[in-house]
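Visitor:
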Amino acid sequence: MDFLIEKATALGVPTLLAQVGAMLAVCAVIILYISVAAMFMIWWERKISAHMQVRLGPMRVGGWHGWAQSIADGVKLLLKEDIIPTQADKLVFALAPIVVFATALATYVIVPFGPGLMVKDLNIGVLYYISISSLTVVGIIMAGWSSNNKYSVLGAMRSAAQAVSYEVPLVVSVLGVIMIVGSLNMQTIVEHQAGRWGPLPWNWMIFGGGLQVVGFLCYFTAALAECNRMPFDIPEAESELVAGFHVEYSGIRFSMFFLAEYANMFVVAAIAVTMFLGGWRGPDFVSPLLGATLGPKVAGVFWFLTKSYFLIFVMMWLRWTLARLRVDQLMHLGWKVLLPISFINLGATGLWLVLKDMR
Amino acid sequence: MVEMVWLVPVLPLVGVVINGLFGHKTGHGAHKVAIAATGLSAAVALVIFVQVVVGASLDRDIYTWVAAGEFAAPIGFLVDPLSSVMMLVVTVVGFLIHVYSAGYMHDDPGYPRFFTYMNLFMVSMLVLVLANNYLLMFLGWEGVGLCSYLLIGYWYEKKSASDAGKKAFVVNRIGDAGVLLAMFLIWRTFGSLKFTEVFDGIGGAKAVLMRPSVLGLTLVTVICLLLFVGATGKSAQLPLYVWLPDAMEGPTPVSALIHAATMVTAGVYMVARSAPLFNLAPTALLVVAVVGAVTAFFAATIACVQTDIKRVVAYSTISQLGYMFLGCGVGAYASAIFHLGTHAFFKALLFLGCGSVIHALSGEQDMRRMGQLKEKLPRTSRTFLWASLANAGIIPLAGFWSKDEILAATFAGHHYLLWALGSAGALMTAFYMFRLYYTVFEGKNNVDHHAAHHLHESPPVMTVPLLILGGCTLVVGWLFGFPPDHGLYHRFVGSVFEEAGTAEHAISLVLTVVLAVVATLIALAGIGLAKAWYKTGDNPAPARFAEQFRGLYTTVLNKYWVDEFYIAIFVTFGKKVCRALWGVDAGVVDGAVNGAGWLTVAISRVSALFDFRFVDGLVNRIADVIQGGSQSLRKIQTGVIQNYLLAMSVAVLLVTVIYMAMGGGR
Amino acid sequence: MSVEQGLFYFLAAFSVALALIVVLAQNIVRAAVALIFSFCGLAGLYILLDAEFLAAVQVLIYVGGITILLLFAILLTSRIAGKGVRVLNEQKVVSGIVAVVLMVLLGLAATRGFEAPAELPKQPENTPRIGTLLMTTYALPFEAVSILLLAGMVGAIFLARKEEK
Amino acid sequence: MVPLSHYLVLSAILFGIGLFGALSRRHAISILMAIEVMFNAVNLSFIAFSRYLPQSQMQGHVFAVFVIAVAAAEAAIGLAIVLGLYRNFKTVNVDEINLMKW
């Protein structure tokens, strides 16, 4: 983004205009990416679930394996009538999906797609992500409450409880990495994972970088809960709450929730990759083709996306592997299992660091 | 090792934590923890003391406790002869009393609670003594106040006990306010609260200190008087002594530790610690001396007629504290602290002896129901005798040296009147001590039977501390106090106060001896009188005496009605006002009604008509006014939080307005 | 008018307007939502003050934590139809006056009180600096606050628990 | 550059608004919210001071952190109390809860 601003100012565009323009451009890009990627992921998820159940899933639309299915769905959603219940609190009802989507959008700011390829390299990156992602639940509660429907209220309250509970282990499990790196800056974290670890070519956090396997698992579990994925999807448990907080939503607003959910999935995966799986690091195989300036970037993006989508695949896989937890089980898991484990991990990391400094 | 001084308060703190948090676990093993903690800290204190004697000293900040703007108060320790002596006394006496308590409290349900409080008290007292700045000292000061409150009300199910606790707490608050104000002034004058910095800053700030501030008193005088107000509260001097006798509601070891040996001497310690300031304020010194002497005399008179064994000792404590302040007031700080130390030993011994007697008589405290316990309680009676002799100031026991030094210094300071008061007090001291001794251990046996038949000497765990304290009582006096003013002790502690620029009154050897002889004679006279009256136990003389001076006797017996006075003034006042209002109200309203009645009757009496109507109207108006007033008054308490909040914010608003009107915020 | 000033005035107006909604709104859930956004506006102001760490903490704790709890309690205690009920008590006039006067006074004090330096002093990087301060100068308050939080947690659990019969 | 006084005035305004709310809202939770607004006003002035006054090496930030922590505790306790009130009085309007009166 700074890059864009420089270019624009170099071309004689006034600074303010350049800044605004750059912001708008970036937003446009991200929104585009989110929607496309989300559609792709939806289609992908449907295929995966189908194949896991030895079905085929969408096959017709667009020819090859129904790749255009979710595009069609999207179009349909956009064209549908936008219904607002009469007893709803109109303003809040209208605001809710925007909040959810906007937060999902805002989290992309600090995703390091590649070396130097990120919207804004905040030096509180991780903290920024954590705080922004905690905004999502606000939107959910607004949605659930404003639609004035007992299912949605229940879903919203479940979601609030879940989010607040799982926020804690999420943060604590990430803290280990932050302690090791000594910075909240995403790029710094990625840089820190450079180099080799003995025979292995990776010095990732879950490997030599910090042995943060436990932290990674805690983070991943908590993150699943954060974005209401199976097995933590009780806020929108179809079989209990119809569809939870967004039961009253339809048309474009519904599609916003839907997109936001998948966007969140991606961000969660991206953060996990950045913090634990070495970010965009990977064998740089394209520099010979594209030259030293562009090559590393391309390779970085490639590896980053590969890792992220692998994690997303794992999420979908889990969805068809695990059964949904009951509310009390959920709380039990969050407070009495995840939290202690992540604290132990934190303490162990601290100890490890101290010992390392000693020798 | 001196650097390890922080261990001294921290060790009891460990005890507090263990017994406080895991009391249900330690249960009746609680005393082990507590005694171990205090014992260890006593050992450390002993080592440090020895090193200080050899010449070590320490003034170190360990941690910045408060840092706000340019105000900073460290958590730091100051180890010099003065504080080390205090530390030693506190830890040793405390340790012995802990041991004793293990026996005295052994079948008490709240065993761990008791020892938690005791250890907490040790912590606070040591912080008070070792602090190197006024704020930290004040922390300890409040801490001991809290523990005293908790321990006086230890048997909280007894209303008298909890009331006594509250009384002690409230009375102490008055003094604490003084200390706080003094600290504010000190901070404003010296820009620091550390003893060293304050005392070094005196030279620089002399101009300010000597400037008349309030009522023509110099600033330093005001500071010292405020400090002394705190001292009177904590050390039970006139007029704030009233809480100490009631404090005897607490368990006897508590009375021994807190209300005889350590806490009540905190005031003396503070005055002595602030000697450099006091030396600049002769007026304040005079006040201290006068209050001390008067208290010494006054409390002694009361002690002469009390019949509750513990209260006699309590008033004796007040009186002895009076002597200490007298010493400070005449500039004999060293002697005062010396008396503090010796008194700690023999007064603790006295209390523990009382405790042992009470224990033996299964809770009996009235000395008229005792007597001839000498054979039954041999060890107790023997140590009690030593302590009484010491308190009476018989050579060569502890009390003699210190008290005599104080009196000698008073004489040498040409405060002849104060000296006379002190000596009279000494006479009565000897008298009441032996009145107590003879009525309890000799005289006639008035023990009622079911108490008598399981009368027993206390277990060793209680008597051994008695014997140790008795030994100390026998030796410390001449060991450290001889020769007067040049003994080991004085060469040790005196240095502190010489630095403080204390004017030592040179006192010739002859005078010393003469005064010593006089003092001894006085004490012997008192003892003789007591022996003549109470040895046999059936001498009618005391009764006749009481008859002769009935008025005086009853006055003294009722402690000069000071408590009643206070209650009348401060407590009943509020009620009085309300009742008065109500009375007026009722009377006036009735008057109104009757007036109306008479009005109808006397309608024909034109002459009276105007009169009554006038009265009627007037009366009604008054009634309305009063009713309206009371109505609006009770409306104040609405029970709605937000009204209170509103009142608060209005107050804040007013404060802000005043502040800015006075040009603040610019 | 530079971007910074523009942002400042925008965020200030935003926060104040939403704060007004918070205290005046008829419907309490709307008030809570307004509170959330007003917090976000303040977070923006913190960023203007180079306090990005606190801005993040603000969003994380206040928005993600406290207001969620508030909303939670609202959902547990009240219905959606908040129409028609009196939201202000009878002392609103007096308190309004008090508040306004206090506002004015504080404003006066602020404007005539402190002269800020011409150029902003150099500021160390947020997060490490705060960490160091918390661990050195303010270690004791830090511990005190943590104990306070512990006590608060215990108390909250105890209060909110249904008394078992 | 925005002068310090602007931040202080803003904080004063927010504080006043919060005070008004705390004084005159009936719903207990609204009072809590108003108090949160006051907290934020104070935080703002803390941070503004520590930004503009050179001698304060970001100590204001630390105080703000403390304020936030205390606010969190306060919210938790307050909400527990509100739930208790609701359980016992079936209302959360504090001006209807006045048992502690004459």
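Chains as they are written, first to last, in the working numbering: chain A, 2 to 360; chain B, 858 to 1523; chain C, 250 to 414; chain D, 18 to 119.
Yeah, the Cβ is synthetic: ideal placement off N, Cα and C, and Gly gets one too.
1. If E1314 (chain B) and A1217 (chain B) are in contact, beta carbons under 8 Å, what's the gap, nearest whole angstrom?
2. Please report how far the alpha carbon of M257 (chain A) lies from the alpha carbon of A1518 (chain B), in whole angstroms.
3. Between L320 (chain C) and G290 (chain C), how many whole angstroms is the CB-CB distance? I'm expecting something under 8 Å.
4. What is the rounded straight-line gap between the Cα of A1150 (chain B) and the Cα of P931 (chain B)?
5. Hey, is L354 (chain C)'s beta-carbon within less than 8 Å of any beta-carbon in chain B?
6. Please report the straight-line C-alpha distance between R56 (chain A) and M158 (chain A), rounded to a whole angstrom.
7. Mind listing, in chain order, the continuous alpha helix (DSSP H) runs of no fewer than 4 residues lying wholly within the segment 1152-1194 of chain B?
8. Note down, in chain order, each residue of its chain lying with its Cβ closer than 6 Å to the Cβ of G872 (chain B), except the 5 sequence neighbours on either side.
9. Name the two residues that bound the continuous alpha helix (DSSP H) containing D918 (chain B).
10. Decide if A324 (chain A) is buried, meaning its Cβ has at least 16 other Cβ atoms within 10 Å, or exposed.
11. Any heavy atom of the ligand GDP closer than 7 Å to the CB of F1154 (chain B)?
12. Of all Cβ atoms in chain D, is any one closer than 8 Å to the Cβ of G345 (chain C)?
13. Could you tell me the alpha carbon to alpha carbon distance between Y103 (chain D) and I277 (chain C), rounded to whole angstroms?
14. Just checking: is the beta-carbon of I277 (chain C) within a distance shorter than 8 Å of some beta-carbon in chain A?
15. Does G877 (chain B) come out as helix, strand or coil in the three-state DSSP assignment?
16. Mind checking L325 (chain C): buried by the 16 CB within 10 Å criterion, or exposed?
17. For D1223 (chain B), list the residues DSSP reports as bridge partners.
18. List, in order along the chain, the chain C residues whose C-beta lies closer than 8 Å to that of E32 (chain D)?
19. Go to A95 (chain A), then tell me how far its alpha helix (DSSP H) extends in each direction, as first and last residue.
20. Is there a Cβ of chain B sitting closer than 8 Å to that of N115 (chain D), yes or no?
21. Does the distance from the CB of V111 (chain D) to the CB of Q1177 (chain B) come in under 8 Å?
22. Can you check DSSP and say which residues form a bridge with I932 (chain B)?
23. I need the DSSP call for G115 (chain A), collapsed to helix, strand or coil.
24. Flag this pair as touching only if the segment 161-170 of chain A and the segment 179-194 of chain A have three or more C-beta atom pairs under 8 Å; answer yes or no.
25. Taking L868 (chain B) and S898 (chain B) to be in contact with their CB atoms under 8 Å, please state how far apart those CB atoms are, rounded to whole angstroms.
26. Looking only at its chain, what residues have a beta carbon closer than 7 Å to the beta carbon of I272 (chain A), apart from the 5 residues adjacent to it on each side?
27. Considering only the beta carbon of each residue, do L987 (chain B) and L935 (chain B) sit closer than 8 Å?
28. When you compare each of B:T1393, B:P866, B:T1152, B:V956 to L1278 (chain B) by their alpha carbons, which one comes out closest?
29. Flag this pair as touching only if the segment 1079-1087 of chain B and the segment 1006-1026 of chain B have three or more C-beta atom pairs under 8 Å; answer yes or no.
30. Roughly how many whole angstroms lie between the Cα atoms of H963 (chain B) and V950 (chain B)?
31. If you draw a straight line from the alpha carbon of F222 (chain A) to that of V172 (chain A), how long is it in whole angstroms?
32. If you measure beta-carbon to beta-carbon, which residues of the segment 299-329 of chain C are closer than 9 Å to chain A?
33. Kindly indicate if chain E contains any beta-carbon less than 8 Å away from that of T385 (chain C).
34. Assuming N229 (chain A) is part of the alpha helix (DSSP H), what are its boundary residues?
35. Which two residues bound the contiguous alpha helix (DSSP H) that contains K357 (chain A)?
36. Taking Cβ-Cβ distances below 9 Å as the criterion, which residues of the segment 1499-1515 of chain B are in contact with chain C?
Guide: For this structure:
1. About 7 Å; that satisfies the 8 Å criterion.
2. Taking the straight line joining both Cα atoms gives about 57 Å.
3. The C-beta distance from L320 (chain C) to G290 (chain C) rounds to 18 Å, too long to meet the 8 Å contact threshold.
4. C-alpha separation (whole angstroms): 37 Å.
5. Cβ-Cβ to chain B under 8 Å: yes for L354 (chain C).
6. Near 35 Å, if we compare the C-alpha coordinates of M158 (chain A) and R56 (chain A).
7. For the segment 1152-1194 of chain B, whole alpha helix (DSSP H) runs of length 4 or above, ordered along the chain, are 1166-1186.
8. For G872 (chain B), where only same-chain residues beyond five positions count, the Cβ hits under 6 Å are V890, A891, A894, N976.
9. No alpha helix (DSSP H) contains D918 (chain B), which is instead part of the beta strand (DSSP E) from 915-925.
10. Counting every other CB atom within 10 Å of its CB across the protein chains shown gives A324 (chain A) a total below 16, marking it as exposed.
11. As for the ligand GDP, it is missing from this structure, which has no ligand bound.
12. The beta carbon of G345 (chain C) sits closer than 8 Å to some beta carbon of chain D.
13. Approximately 16 Å, taken between the alpha carbons.
14. No, I277 (chain C) does not count as interfacial toward chain A.
15. G877 (chain B) sits in a helix when the DSSP states are folded into three classes.
16. L325 (chain C) is exposed by the Cβ-count criterion.
17. DSSP lists B:D1165 as partners of D1223 (chain B).
18. The identity of residue 32 (chain D) in the sequence shown is Phe, whereas the question assumes Glu. Result: L351, M352, L355.
19. For A95 (chain A), the enclosing alpha helix (DSSP H) starts and ends at 91-108.
20. Taking Cβ atoms only, chain B reaches closer than 8 Å to N115 (chain D), which makes this a yes.
21. If you check the CB distance, V111 (chain D) and Q1177 (chain B) do not come in under 8 Å.
22. The partner list for I932 (chain B) (beta bridge, DSSP) reads B:Y920.
23. Shown here, G115 (chain A) sits in a strand according to DSSP, grouped into three states.
24. No, the segment 161-170 of chain A is not in contact with the segment 179-194 of chain A.
25. That pair is a contact at about 4 Å.
26. Excluding sequence neighbours, I272 (chain A) sits near Y130.
27. Cβ distance < 8 Å, so L987 (chain B) and L935 (chain B) count as in contact.
28. Of B:T1393, B:P866, B:T1152, B:V956, the residue nearest in Cα terms is B:T1152.
29. Counting Cβ pairs under 8 Å, fewer than three are found: no touch.
30. When only Cα atoms are considered, H963 (chain B) and V950 (chain B) end up about 20 Å apart.
31. The sequence shown places Thr at residue 222 (chain A), rather than the Phe named in the question. Here the alpha carbons of V172 (chain A) and T222 (chain A) stand approximately 12 Å from one another.
32. Shown in chain order are the members of the segment 299-329 of chain C whose Cβ falls below 9 Å from a Cβ of chain A: E301, F302, A304, A305, V306, Q307, V308, L309, I310, V312, G313, G314, T316, I317, L318, L320, F321, I323, L324, L325, I329.
33. Here chain E cannot be found, since the structure's protein chains are A, B, C and D.
34. Careful: N229 (chain A) lies outside any alpha helix (DSSP H) and carries neither H nor E.
35. 340-359 is the span of the alpha helix (DSSP H), which, as asked, contains K357 (chain A).
36. Cβ contacts with chain C: Q1499, N1500, L1502, L1503, S1506, V1507, V1509, L1510, T1513, V1514.
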